[in-house]
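Protein chains in written order, with the working numbering: chain A, 1 to 598; chain B, 1001 to 1367. Just below is one structure, and these are the notes that go with it.
See below:
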C-alpha cells in the first residue's frame, strides 16, 4: 500500500458521548461490517459491554474510496475511556496521526475529553472536532463549538455535525479523515521500529501484540527483538482486524496490525515497547515507554481458605491478559493466605475482582484499597508501603510521603462551591479556575490520591447532580502527616481493616468506620466490641449486642417449605462471611473504609 | 409407602381476618361456604390416596368451627370413609372462642372429633382487640367449660407472646389464667410479623411497640418454667402437654413423616413431592367442579431439601433429631454442642433449654 493512502486515527470522547456508536457507523459505511448486526463492535469483552466503557482497545482496518476516487486504508484505533488507563491512551494516540474529537451536542466538553484532547495535541495529532447526537431535540451545535474553542483551544469552525445514531454526517467525517489527517511519515528503508500500543493473550497464539509500524516492515519468519527487555522472538503471523482477524504477508511502514510469535507472557509484549529486528536492530527505541505502574493496591483473599490455590491460578491466568495487574503473596492474621494486588485504579480493581469471581467462580474478599506510601525511616532507608498493616511503628519513622494527583474538574458554574467544598474536605490544594464557556468552568486541584480512592467520585457526582466530570494524573509524592488507624474486634487487631489516614481526619474516620462496621457486621452469639485505635490509644468504640434468639416460632405442615427456604438463605449468607476468630465478618465490612469519608 | 398417614383438612373461612394472620383464610360468608364444603367432600372422596389408613386427622384453618357442625361432621365422615381410622385415632379441630356453643361442641364430639384446639391467644382485652380477635376474655373460659361438658378430654389452648405493648407482667397473668383452665396442651407462639398482613404494614410505619428481644426470651423462659411446674411438659419448641396428650398429628410433621392435605390451600407431602392446593375458595370450587387439577404449586424435594427439613423439624422436638436417619459430621455436631445449644445421646441430637432460642442457627450449622 502506498504510504500516502494510509490514515491512522482514533476517537476521543467522554463516556456516553457516543464513541462506540460512531465507530460502529464508520465500520458500516466503509463496508467493514454489514448492518447493525453487532452493536458496538470494538468493545470485545462482555464485561466492557455491560459497563458501557472500553477497557481494551482494538485496531480495525477499513477501506474507504473517497471523492477523489482513490481508495484509502483506514486504521481506526480504539482508546480506553477511563482515567485508570491514561498511559494506554497515550500509546494509542502515538500510533495515530489524527483523532476525531467527539463532543455530545447536548452535554458539551467533559474533563476527560479535555485531558485526552490535550494529550493528542501535545503529540501533534490532527484533530477533527465532531459534534455528535445532533438528532436529539435539544442538540446545541453552537454551544458545543464554543466549548471546543474555549476549553480546548481548537478551531471549531470546521466541526462536523453528526448523528452516529441516524448516520448523519458520517461520510463527511470519513472525507475529513482523508483531507485533514496526514499520512504516516516513516522510513521504509530503515530498520524495523514498531510501537506496541496494546496486547492481549490468546491461549493458542500466546501474546498478541498490536503494533503501529513506524519504520521498516515486519513479516512472518522475521526475528524480532523487544527493545525494553532485549528478548527475541520469531514472528509466526502478522495481520489485521477487519474486524475479523485476517493474516497478511507483512505489516509495512505506517500500517497498523498484529504480530504473534510464541510470546509466552503478555509482559513480553508490553504496551509502549518498541519492536525491532533482531538482526538489524534500530539504535533508538520509540519514545515514551514506561512500565505499567499500579496506583491502587488491595489484598485479595478467598472467602474459603481452601480456594487459595484456585485464586492463585485465576490471578495468574488473568495476568496473562492484563500485564498491568501485579500481585504477590501476602498473609493476613485475619484473612489467612491471599495476595496483595496492584491496579491502575479503582475501576481496574473492580473489573479484576468481577472477572475473578465470575470467570473463575471464586468468592473473594477485597481489603480496602490503599495507595503506595513512601516511608522514610530514621535509619535513612525508604520503604514502599501499600498494605496499611505493614506500616512500621511511628517511632522508627522519620516522615511519610503520599502520592498526589493533579485533578481537573469540569462543572457547571452553579456547582463550583460544592466542588470546592468537597476538594477542600479531601485535603485538596486549589490551583486555578478556567472558564471555557459562559456556563461551565474548569477547576484545578492538587489532591492526595488516597482521598480519591474513597468515594470522591460518587460524592462529586452527587454534589453536582451528576454534572461534574473528573480527570486526574499522578503528579508526584508529598510529605503528609499520616497515621495508621487499627480496628479491633473483641480486643484483637484485624490487620485487614487497618488504614492509613491524615492525622486531622483520624478521629472522624475511626469513628465513622466503627459505626459502619456496627451496621454491616451481623449480631453474633457473643457480644462483639469494635474499636478504632491509633497505637494503643482507643479513639472510638462501639458494641454489637449478641443475638438472643434465632428461632422459628412455629412450624407445621403448611410452613415447612417456606421455613426451609428461610434457613437456606441464612446458610447462604453465612457462606459469604469470613470467620475472624469466632466472629463472622461479611465481605462488605472490609470495604467499610471506602464508605465513611464525608 | 402405604402405612397410616396424617390427614389435614383446611377450612379457609374466618369471621374476620386478624392483624397478624398470613394463613389461607377468608372472611367470606354466603353460599361459597356450602359450595366449598361440597367441593372438599368431593376432593376427599375421590382422593388418589383413598384406602390409606388415617394416622391422625386434623381440621385447621381459618376457623373450622365457623362452619356448621353438620358440615364439619359431613367432611369428617368423608375422611373416615376414605381413610379408615381406629377408635383411638386423634381427631382434632381448631376453633375459636365465640364460634362455639355447648350444643355445637356436643355435635362435634358426637361426630367423632376427640381433640379441640382453642385459639385463645390472650387473656388481656387490649391484646384481643389489637389482634383483631372476635372474642372477649370471658368467652375463652366459657368455651373451655362447654368443651369439657361436651366430652372433650383432650383440649389445647393457643397463646401468643411478644404482642405489641405486652410486658412480662401481662404475660405472666396470661399464663396464670390459661393454666387455671387446666388445658391438656398449650401452644405458645412468639408473634412473628409476616409479610402481607396488617401488622406488617403497621410495623413498617413504626406503629408497633414490640417487646425487645431480651423480653421475648424472658417471656419464653417464664412460660417454660410455669408450664413445667403445672405438669405440662415442653415436648416441642412451642408446645407443652400433659403426659399422653402430645399432639400426634403435629408430631408427624416434626418427624418429617408424610401427610395428605385436603381443601383450599392445604399442603401435603408424599415422598419427595409437596403440593399446595389452589388457595382461593372460588378457584378451588371451580377446579373441583371442572375436574381440573387442584394444585397451585408442586415442589419436587431434592435429597438436600429433605435433609434440611428433617434437621429443621427434628431438632424442634424433645425426642430430638434421629442421627441414624440424618448422618452429621463431627465438626457439624461440635458447632452446636460447643456453644451449649445441643447434646447428643446415642442416635439422638437434642436442643438444650438454651438451644431452643437458637433452633434456626443450629439447623443452619448442621445443614
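We put the CB at the ideal spot given by N, CA and C, even for glycine. Owing to the predicted nature of the structure, the values given are computational and were not obtained by experimental measurement.
Residues of the region 1154 to 1187 of chain B with a Cβ closer than 7 Å to any Cβ of chain A: none.
Interface flag for residue 564 (chain A) against chain B is set, since a Cβ pair is found closer than 8 Å.
Around the Cβ of residue 1334 (chain B), a 10 Å sphere holds fewer than 16 other Cβ atoms; the residue is exposed.
Every beta strand (DSSP E) of 3 residues or more that sits fully in the region 338 to 402 of chain A is shown, in chain order, as 364 to 366, 373 to 377 and 382 to 385. Put simply, the backbone Cα of residue 361 (chain A) is about 22 Å away from that of residue 200 (chain A). Residues of the region 1012 to 1023 of chain B that bring their beta carbon within less than 7 Å of a beta carbon in chain A are absent altogether.
Per DSSP, the unbroken alpha helix (DSSP H) holding residue 1227 (chain B) starts and ends at 1213 to 1229. Shown in chain order are the members of the region 544 to 574 of chain A whose Cβ falls below 8 Å from a Cβ of chain B: 547, 548, 549, 550, 551, 552, 553, 554, 555, 556, 557, 558, 560, 561, 563, 564, 566, 567, 568, 570, 571 and 574. A distance below 8 Å between beta-carbons, with the five flanking residues on each side excluded, links residue 314 (chain A) to the following residues of its chain, in chain order: 356, 359, 360 and 362.
For residue 1224 (chain B), the closest alpha carbon among the candidates B:1256, B:1257, B:1186 and B:1199 is that of B:1186.
Neighbours of residue 525 (chain A) in chain B, taken as residues whose beta carbon is under 7 Å from its own, are 1339 in chain order. Interface annotation, residue 1358 (chain B): in contact with chain A, CB-CB separation under 8 Å. For residue 198 (chain A), the secondary structure class from DSSP, reduced to helix, strand or coil, is strand. Put simply, of B:1235, B:1066, B:1063 and B:1095 the residue whose alpha carbon is nearest the alpha carbon of residue 1316 (chain B) is B:1235.
Within chain A, no C-beta atom comes less than 7 Å from the C-beta of residue 1310 (chain B); the nearest is roughly 10 Å away.
Taking C-beta atoms under 8 Å as the contact rule, residue 1045 (chain B) and residue 1082 (chain B) qualify, at a distance of about 6 Å. Residue 531 (chain A) carries a strand assignment under DSSP once its states are collapsed to helix, strand and coil. Looking at the backbone, the Cα of residue 590 (chain A) and that of residue 513 (chain A) are separated by about 10 Å. Check the Cα spacing between residue 403 (chain A) and each of A:349, A:294 and A:531: the tightest is with A:294. In the structure shown, residue 423 (chain A) adopts helical secondary structure according to DSSP, grouped into three states.
In the DSSP assignment, the residues bridged to residue 1010 (chain B) are B:1060.
About 6 Å separates the CB atoms of residue 528 (chain A) and residue 490 (chain A); that is less than 8 Å, so the two are in contact. Going by beta carbons, residue 154 (chain A) and residue 182 (chain A) fall outside the 8 Å limit. Our two residues, residue 557 (chain A) and residue 1153 (chain B), have alpha carbons roughly 25 Å apart in a direct line. Residue environment analysis places residue 484 (chain A) among the buried positions, since at least 16 neighbouring C-beta atoms fall within 10 angstroms of its C-beta. Counted as a single uninterrupted DSSP element, the alpha helix (DSSP H) harbouring residue 574 (chain A) occupies residues 560 to 575. Contact between residue 324 (chain A) and residue 192 (chain A) is absent: CB atoms are separated by about 26 Å, not below the 8 Å threshold.
Collapsing the DSSP output to three states places residue 433 (chain A) in a strand.
The beta carbon of residue 446 (chain A) lies closer than 7 Å to those of 404, 406, 428, 429, 431 and 475 in the same chain, with the five residues before and after it left out. Pairing residue 4 (chain A) with residue 11 (chain A), the inter-Cα distance amounts to about 21 Å.
Of all residues in the region 1312 to 1334 of chain B, the ones placed with a Cβ closer than 7 Å to any Cβ belonging to chain A are 1312, 1313 and 1316, in chain order.
Along the region 1027 to 1045 of chain B, none of the residues has a CB nearer than 9 Å to a CB of chain A. A check of alpha carbon separations from residue 496 (chain A) across A:244, A:263, A:460 and A:336 identifies A:336 as the nearest. Residue pairing by DSSP places residue 98 (chain A) opposite A:9 and A:126 in a beta bridge. A straight line joining the alpha-carbon of residue 64 (chain A) with that of residue 71 (chain A) spans about 5 Å. Counting C-beta pairs with one atom in each stretch, the region 141 to 151 of chain A and the region 107 to 118 of chain A have three or more that are closer than 8 Å, which means they touch.
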